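K.L.:
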Amino acid sequence: MKTSSSDFILVALVSISLLSLRWEVRASSKQLRAVFHTPAGDDSVICHDDFMSVYMSKRQFASLPFTIYVQDEHRGYYQAVAIAKLCNYYFGETHSFVILTVASNGCFVKRQ
């Protein structure tokens, strides 16, 4: 069986493409590993590189999300619902939890 140089080039290009895809997948999987969960009774905090989500029990805190406030660097307080759109805060809800997700570039967010 004869192989032409164009077949060799095609195999080389496919191999290089697969290798680069493998490196991209490996890099993205390393980013996904930067996740940790902190259970706190019924509530939990889930942190990723780009955002953090807090699950708060509706049973324990009946008037959520309107009673969630964030503090700025000058000890001023803001209602999270009121500044959510401006500050990249997102609210979600299940039958038993209110979920607050905050982007890492959101207002008053500090990385530690």
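In mature numbering (1 follows the signal peptide of the UniProt record, and there is no 0), the protein residues as written are -27 to -1, 1 to 85.
Beta carbons: idealized from backbone N, C-alpha and C, even for Gly.
Fair warning: this is a prediction, and the values are worked out from it, not measured in the lab.
(1) Report the partner residues of residue 56 according to the DSSP bridge assignment.
(2) Would residue 86 and residue 74 qualify as a contact pair, given that the criterion is a beta-carbon distance under 8 Å?
(3) Buried or exposed, going by whether 16 or more other CB atoms sit within 10 Å of the CB of residue 42?
(4) List the DSSP bridge partners of residue 72.
(5) Quick check on the burial criterion: 16 or more other C-beta atoms within 10 angstroms. Buried or exposed for residue 28?
P.N.:
Reading off the structure:
(1) None, per the DSSP bridge assignment.
(2) An answer regarding residue 86 cannot be provided, because it is not within the stretch -27 to 85 covered by the chain.
(3) exposed
(4) 28, 65
(5) buried
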